[in-house]
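Worksheet for the structure shown next.
Residue numbers (the working numbering): 1 to 185.
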């Protein structure tokens, strides 16, 4: 949500009132399963060019106060009505939606096991080609991809039907470092 003003003070004063209304509107949606996960605030100085056909003059300044809210819900069956409720307040620009799975998901654990098995198979192939063997594991690092799918939404949309994806693809990437053992006899 953004509020514009001719001065820094005007932008922040007007924005403070809107931000309080916005936070209250989001807190009212808590019964629908919405949580405010994070919010950020920034002030921007915007330099306005002269209107077309006007002689060049000193650029006019405008200030913009912006608060961004990141929301979270686990109730996908309510997502359409909740997004519509947020949009119809007139306080927010809905920029994108992201659907993700929890980190403790069985499918994700299976993908991690498969990634480790694939890393071992590849490492053994390289070790065998080099005439050596794999030793103990030195380190393992998970290259987390976030396991989410993002959807863009038109800014200032007052209503839009939101349908969660039927499936999410689950992948895992891992980097494993092994000690190299003695060569093959």
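Backbone N, C-alpha and C define an ideal beta-carbon position, used for all residues, glycine too.
Out of the options, which has the shortest C-alpha to C-alpha gap to residue i?
i	options	result
residue 77	166, 122, 174	166
residue 142	133, 42, 103	103
residue 9	123, 89, 181, 43	43
residue 34	71, 182, 183, 41	71
residue 179	123, 95, 88	123
residue 115	181, 171, 37, 177	171
residue 69	17, 52, 41, 47	41
residue 117	24, 181, 173, 15	173
Buried or exposed: residue i, going by 16 or more other Cβ atoms within 10 Å of its Cβ?
i	result
residue 175	exposed
residue 63	buried
residue 83	buried
residue 3	buried
residue 92	buried
residue 67	buried
residue 86	buried
residue 22	buried
residue 65	buried
residue 26	buried
Given this structure, state the Cα-to-Cα distance separating residue i from residue j, to the nearest angstrom.
i	j	result
residue 139	residue 108	20 Å
residue 131	residue 110	31 Å
residue 39	residue 50	34 Å
residue 54	residue 32	51 Å
residue 80	residue 121	45 Å
residue 136	residue 112	19 Å
residue 128	residue 183	9 Å
Which one or two residues does DSSP pair with residue i in a beta bridge?
i	result
residue 118	The partner list for residue 118 (beta bridge, DSSP) is empty, contrary to what the question assumes.
residue 105	Partner(s): none; residue 105 has no beta bridge.
residue 86	Bridge partners of residue 86: none, in fact.
residue 142	174
Looking at the secondary structure, which residues open and close the beta strand (DSSP E) in which residue i lies?
i	result
residue 3	2-5
residue 40	35-48
residue 76	From DSSP, residue 76 is part of no beta strand (DSSP E); its letter is neither H nor E.
Which residues bound the alpha helix (DSSP H) around residue i?
i	result
residue 61	Unbroken run through residue 61 is the beta strand (DSSP E), 60-72; no alpha helix (DSSP H).
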